[in-house]
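These notes are about the structure you will find just below.
Number of protein chains: 2
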Amino acid sequence: MAKKKSRKPEEDAVPSGSVTLSKQDERTLSQIQDMAEDVTKSAARRRDPALDIPARTLSNVHFNQNKKILEMGSKTTSRELFNIGQAKSFMQTMLVASGTKQLIEMGKTTSIRGLYYMLKHDIKPTKEPTFKDQGECDPIIEDCEVLLDSLREELHLFADKRGDMVGNIQIVDNGDEIDCSRMGSGGYAIPSIVEPNVIQFKNCQAKFVLHVEKNTVWQRFNEDKFWKKYNCILTHGSGQPPRGVRRLLNRLHNELGLPVYCLLDNDPWGYYIYSVLKQGSINLAYESKRMAIPKARFIGLRSHDFERCNLSNSVKISLNDTDRKRAKQIAEYPWFAKKKEWQREIDQMLKNGFKLEVEALISRSISYMTEEYVPRLLEEGNFLD
Amino acid sequence: MAKKKSRKPEEDAVPSGSVTLSKQDERTLSQIQDMAEDVTKSAARRRDPALDIPARTLSNVHFNQNKKILEMGSKTTSRELFNIGQAKSFMQTMLVASGTKQLIEMGKTTSIRGLYYMLKHDIKPTKEPTFKDQGECDPIIEDCEVLLDSLREELHLFADKRGDMVGNIQIVDNGDEIDCSRMGSGGYAIPSIVEPNVIQFKNCQAKFVLHVEKNTVWQRFNEDKFWKKYNCILTHGSGQPPRGVRRLLNRLHNELGLPVYCLLDNDPWGYYIYSVLKQGSINLAYESKRMAIPKARFIGLRSHDFERCNLSNSVKISLNDTDRKRAKQIAEYPWFAKKKEWQREIDQMLKNGFKLEVEALISRSISYMTEEYVPRLLEEGNFLD
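As they're listed, the protein sequences go chains A and B.
Okay, so the first sequence: first residue is 0 according to my numbering, each after it adds one.
Okay, so the second sequence: first residue is 0 according to my numbering, each after it adds one.
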């Protein structure tokens with residue numbers, strides 16, 4: 000059985016006691032083991048141990064027109080032990096892989112900061128540290144993710160968590176049943192690791208997900224019980240959503256078939272957040288397949304909302320040079336470049352000369368966003384793709 | 000009845016429909032009304048309308064040796080309508096008070112950003128805006144808090160929320176029963192407004208609160224089910240805890256009699272967080288009485304932990320000039336200055352020449368902090384006051 004195979008005793012194995020490994024854990028462990036075995040086999044054959052690391056460079060990222068997500072290409076770079084410029088990073092890669100193996104076998108998770116502390120030590124008898132600082136460890140973690148074709152979360156590493164959820168869904172989180180329709184004003188705090196072995200969807204009555212940018216806007220929607228009236232799930236990501244929120248939205252969309260509508264500011268940052276939710280990010284393109292939601296829709300704010308919603312001059316925030324530069328860059332992203340609607344949208348913002356926050360709608364009335372703005376667009380099916 | 004009194008129809012009253020006001024809301028409304036009536040009475044008597052605003056200056060803040068909290072003194076400054084330098088801020092103060100009155104009457108809450116948008120407009124027929132920017136509105140909100148002797152939350156204003164809770168307690172949040180011992184890996188997201196009209200404590204089996212600095216450390220404690228083993232409540236505040244977390248800790252301490260133990264980094268920032276939790280902050284001294292927890296205890300990390308816990312050199316983070324300067328300032332705070340233990344603590348850190356993060360304990364083993372460090376100190380009752 001795979002389970003047995005992946006848990007045979009080894010030198011660095013940590014006694015895992017009664018830890019039960021999930022199928023996912025078994026798969027990840029065997030990836031780590033295969034990598035390690037390749038290295039030892041090379042050594043046994045008296046060949047120089049080396050790793051082929053997929054290149055995480057801009058030139059190795061492309062937009063897949065079929066899947067509509069950012070993907071990594073097939074370029075790799077070799078990382079060799081017997082190469083004075085690569086020996087350190089080779090050993091660091093093996094060390095990180097071995098650290099994540101320990102975590103999986105212990106059935107524990109930690110932050111990238113925690114892993115750094117776990118693995119940092121001076122290599123005796125020298126005073127050479129395994130990692131100078133966190134900045135030297137982080138890219139090696141990303142290398143391991145691509146090398147092992149495993150999300151960071153599958154390597155038992157978590158990120159900061161921020162972002163909350165309420166709505167008509169019941170989930171199971173680590174064995175606890177959580178009814179997100181009974182979460183008061185606070186909500187359920189979305190964890191960093193939301194893989195199926197941690198979070199299962201139990202019942203879902205909701206018909207869609209409304210994802211808003213900021214927690215203050217989320218509080219308005221929750222207080223007005225928007226999710227109850229419109230039978231949906233309400234999430235936020237405190238700005239650029241962290242990995243846990245993106246992965247959870249992806250799962251809600253793919254496993255439960257829920258459309259995801261995004262309510263973001265009318266500014267380049269809002270466009271960028273939408274782009275990452277929808278297509279993935281350039282830096283972490285290898286995650287797109289399990290994070291991105293190509294069918295996500297942008298519900299607003301739109302550049303014509305100043306007129307359409309009859310807003311007053313007092314809510315305008317002038318664009319600065321950075322905004323203008325950033326807007327032009329985003330307009331050239333391949334997934335925006337071919338869409339006339341998005342070109343018009345960005346162009347209109349530049350012509351307006353100002354940006355708008357979602358909160359600007361409060362100038363109409365405190366619940367204008369929950370009672371008029373979003374309901375009207377939902378009814379009209381009026382979204383940007 | 001007070002209720003009737005505070006809801007009599009007025010020119011700017013917003014139809015409040017079926018909103019039921021809490022006792023707290025009634026009290027706040029009558030404070031706002033009294034303030035407004037003072038102004039109209041002055042005008043009726045042909046005297047210049049003026050407000051006496053408690054001075055939010057360093058010189059008007061002192062440490063109350065009995066209560067062990069920071070307090071505001073009794074200095075006030077007059078803000079007059081018929082004074083060319085004060086007319087604008089006088090009118091802004093009345094505008095903010097009237098905005099919060101509307102919020103209370105509507106039974107709605109908003110962020111300080113939301114209130115700014117609610118109130119911002121050009122004063123016809125001029126093009127003079129009521130507020131130039133958010134920076135002009137925020138201090139007026141703080142003025143209203145002290146003027147009305149009301150926490151921001153009582154004025155129906157919320158802040159960003161961050162911070163989560165799990166543990167052996169059942170609460171009611173806006174009518175929903177939430178069992179914090181069944182919250183999985185995510186936890187209950189602590190809302191910004193945790194006043195008794197929103198959050199009620201239902202059952203509490205827990206014997207104390209462990210408050211940790213960072214959410215990544217909180218995740219370690221939650222994953223190890225520390226709160227279950229030691230029958231406690233586990234909270235974090237994502238660094239400097241936001242108002243909602245501070246107020247909730249205060250309520251858990253005062254209403255349920257739970258001791259609050261703080262696990263923070265061994266650095267000036269950790270000391271400062273402890274100081275704010277315990278005595279309040281200098282900037283917002285008027286909140287101390289409902290936010291500060293004078294009997295909170297500092298469980299660590301301590302400056303002698305490097306030796307005591309047998310940590311390796313690799314976890315040291317060198318102090319920089321800012322750290323040293325900040326540490327000396329904190330040592331001179333009146334509530335640290337008279338405590339020999341704290342003087343030794345800060346002095347030892349300066350002598351060490353390095354700081355330590357809580358995560359440094361992971362270098363011993365991943366669960367050293369949950370299985371050895373904190374349990375031992377709890378058993379020994381070994382805290383800093």
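Note that the Cβ used here is the ideal one computed from N, Cα and C, for glycine as well.
| query | What does Y260 of chain A pair with, by DSSP beta-bridge criteria? | reply | Residue numbering aside, residue 260 of chain A sits at position 261 when the first sequence is read from its first letter. DSSP lists A:L209 and A:R296 as partners of Y260 of chain A.
| What residue ranges within the region 274-329 of chain B form continuous beta strand (DSSP E) runs of no fewer than 3 residues, ordered along the chain? | 296-299
| message | I need the straight-line Cα distance from Q218 of chain A to T108 of chain B, nearest angstrom please. | response | Along the first sequence, one-based indexing puts residue 218 of chain A at 219. Along the second sequence, one-based indexing puts residue 108 of chain B at 109. Between Q218 of chain A and T108 of chain B, the C-alpha separation is close to 9 Å.
| Helix or strand or just coil, what does DSSP make of E344 of chain A? | In the first sequence, residue 344 of chain A corresponds to position 345, counting from 1. Note: E344 of chain A maps to helix in three-state DSSP.
| Coarse secondary structure for P48 of chain A, derived from DSSP in three states | Sequence index remark: in the first sequence, residue 48 of chain A carries index 49 (1-based). Of the three classes helix, strand and coil, the one that applies to P48 of chain A here is coil, per DSSP.
| query | Under the rule that 16 or more other beta-carbon atoms within 10 Å means buried, what is H235 of chain A, buried or exposed? | reply | In the first sequence, residue 235 of chain A corresponds to position 236, counting from 1. Result: buried.
| request: In angstroms with no decimal places, state the Cα-to-Cα distance between I153 of chain A and Q23 of chain A. | output: Your numbering for residue 153 of chain A matches position 154 in the first sequence. Your numbering for residue 23 of chain A matches position 24 in the first sequence. Correcting the residue type first, residue 153 of chain A is Glu in the shown sequence and not Ile. Near 7 Å, if we compare the C-alpha coordinates of Q23 of chain A and E153 of chain A.
| field | One or two residues paired with V60 of chain B in a DSSP bridge | value | Reading the second sequence from its first residue, position 61 is the one you call residue 60 of chain B. Bridge partners of V60 of chain B: B:M71.
| request: Starting from N202 of chain B, follow the beta strand (DSSP E) in both directions and report where the run begins and ends. | output: Translated into the one-based positions of the second sequence, residue 202 of chain B becomes position 203. First-last of the beta strand (DSSP E) with N202 of chain B: I198 to C203.
| said: Below 9 Å on C-beta distance, what does M391 of chain A contact in chain B? | reply: Since the first and last residues shown for chain A are 0 and 384, residue 391 of chain A lies out of range.
| message | Any C-beta of chain B within less than 8 Å: which residues of the region 297-320 of chain A qualify? | response | S311, N312, S313 and V314
| task | Answer yes or no: do I68 of chain A and G269 of chain A have a C-beta to C-beta separation smaller than 9 Å? | result | Here the question's residue 68 of chain A lines up with position 69 in the first sequence. Here the question's residue 269 of chain A lines up with position 270 in the first sequence. Cβ distance not < 9 Å, so I68 of chain A and G269 of chain A don't count as in contact.
| message | I need the DSSP call for L233 of chain A, collapsed to helix, strand or coil. | response | Sequence index remark: in the first sequence, residue 233 of chain A carries index 234 (1-based). L233 of chain A falls in the strand class under three-state DSSP.
| request: Could you work out which residues of chain C lie near V197 of chain A, taking near to mean beta carbons separated by less than 7 Å? | output: Protein chains in the displayed structure are A and B, and chain C is not among them.
| field | Any C-beta of chain A under 9 Å from that of Y270 of chain B | value | Your numbering for residue 270 of chain B matches position 271 in the second sequence. With 9 Å as the cut-off, Y270 of chain B does not count as an interface residue toward chain A.
| query | DSSP state of F157 of chain A, grouped into three classes? | reply | Residue numbering aside, residue 157 of chain A sits at position 158 when the first sequence is read from its first letter. Strand at F157 of chain A.
| Mind listing which residues of the region 24-50 of chain A have their C-beta closer than 7 Å to chain B's C-betas, in chain order? | none
| Under a three-way DSSP split, which group does A170 of chain B fall into? | Along the second sequence, read from residue 1 onward, the residue named residue 170 of chain B stands at position 171. Correcting the residue identity first, residue 170 of chain B is Ile in this sequence and not Ala. Reduced to three states, the DSSP call for I170 of chain B is strand.
| message | How far does the beta strand (DSSP E) with I31 of chain B in it extend, from its first residue to its last? | response | The residue labelled residue 31 of chain B in the question sits at position 32 within the second sequence. No beta strand (DSSP E) holds I31 of chain B; the alpha helix (DSSP H) holding it covers K22 to A43.
| task | For chain B, find out if any of its Cβ atoms is closer than 9 Å to the Cβ of K2 of chain A; answer yes or no. | result | Your numbering for residue 2 of chain A matches position 3 in the first sequence. With a pLDDT of 40 at K2 of chain A, under the threshold of 50, the modelled position of this residue cannot be trusted; read the value that follows with caution. Taking Cβ atoms only, chain B never reaches closer than 9 Å to K2 of chain A, which makes this a no.
| query | Distance, Cα to Cα, V373 of chain A vs Q101 of chain B? | reply | Start at 1 with the first residue of the first sequence, and residue 373 of chain A comes out as number 374. Start at 1 with the first residue of the second sequence, and residue 101 of chain B comes out as number 102. Whole-angstrom Cα-Cα distance: 23 Å.
| task | Give every residue of the same chain whose Cβ lies closer than 6 Å to the Cβ of I232 of chain B, excluding the five residues on either side of it in the sequence, and list them in chain order. | result | Reading the second sequence from its first residue, position 233 is the one you call residue 232 of chain B. So the list reads G166, I168, A205 and V208, once near-sequence residues are dropped.
| task | Select from B:A35, B:Y285, B:Y260 and B:K338 the residue whose C-alpha is nearest the C-alpha of F382 of chain B. | result | Taking the first residue of the second sequence as position 1, residue 382 of chain B is located at position 383. When only C-alpha atoms are compared, the closest one is B:Y260.
| said: For a contact defined as C-beta to C-beta under 8 Å, what are the partners of N173 of chain B on chain A? | reply: Taking the second sequence and counting its residues from 1, the one referred to as residue 173 of chain B is at position 174. Ordered by position in chain A, the residues that pass the 8 Å Cβ test against N173 of chain B are G183 and S184.
| task | Closer than 6 Å by C-beta to W341 of chain B: which residues in its own chain qualify, once you throw out the five before and the five after it? Chain order, please. | result | Along the second sequence, read from residue 1 onward, the residue named residue 341 of chain B stands at position 342. F335.
| request: Check V420 of chain A in the structure and name its three-state DSSP category. | output: Any property of residue 420 of chain A remains undetermined from this structure, which presents chain A solely from 0 to 384.
| query | How would you call H210 of chain A, buried or exposed, if buried means at least 16 neighbouring beta carbons within 10 angstroms? | reply | Locating residue 210 of chain A in the first sequence gives position 211, counting from the first residue. By the 10 Å Cβ count, H210 of chain A comes out buried.
| field | Pick from A:S364, A:D266, A:W226 and A:Q85 that is closest to Q347 of chain A, judged by C-alpha positions | value | The residue labelled residue 347 of chain A in the question sits at position 348 within the first sequence. When each option's Cα is compared against that of Q347 of chain A, the closest is A:D266.
| request: Could you tell me how far apart the beta carbons of T99 of chain A and C143 of chain A are, in whole angstroms, since I believe they sit closer than 8 Å? | output: As a first step, residue 99 of chain A is located in the first sequence; it is residue number 100 there, counting from the start. As a first step, residue 143 of chain A is located in the first sequence; it is residue number 144 there, counting from the start. About 7 Å separates the two Cβ atoms, so the contact holds.
| task | With 8 Å as the limit, tell me which residues of the region 145-160 of chain B have their beta carbon closer than that to any beta carbon of chain A; keep them in chain order. | result | F157, D159 and K160
| task | With DSSP as the reference, please indicate the residues paired to I192 of chain B in a beta bridge. | result | On the second sequence, residue 192 of chain B is found 193 positions in, with the first residue counted as 1. According to DSSP, I192 of chain B bridges with nothing at all.
| said: One question on the structure: do L150 of chain B and E194 of chain B come within less than 9 Å of each other, judged by their Cβ atoms? | reply: Here the question's residue 150 of chain B lines up with position 151 in the second sequence. Here the question's residue 194 of chain B lines up with position 195 in the second sequence. Yes, these two residues count as a Cβ contact at 9 Å.
| Per-residue contacts from P128 of chain A into chain B (C-beta, under 8 Å) | Counting from 1 along the first sequence, the entry for residue 128 of chain A is found at position 129. Ordered by position in chain B, the residues that pass the 8 Å Cβ test against P128 of chain A are S313.
| query | When the distance is taken between beta carbons, is N59 of chain A closer than 9 Å to K74 of chain A? | reply | As a first step, residue 74 of chain A must be located in the first sequence, where it is residue number 75. As a first step, residue 59 of chain A must be located in the first sequence, where it is residue number 60. Closer than 9 Å, so yes.
| Alpha-carbon spacing of E127 of chain A relative to F297 of chain B, whole angstroms | Taking the first residue of the first sequence as 1, we reach residue 127 of chain A at position 128. Taking the first residue of the second sequence as 1, we reach residue 297 of chain B at position 298. If you take the alpha carbons of E127 of chain A and F297 of chain B, they lie about 35 Å apart.
| field | Enclosing alpha helix (DSSP H) for I140 of chain B [first to last residue] | value | Sequence index remark: in the second sequence, residue 140 of chain B carries index 141 (1-based). Counting along the chain, the alpha helix (DSSP H) containing I140 of chain B begins and ends at Q133 to L146.
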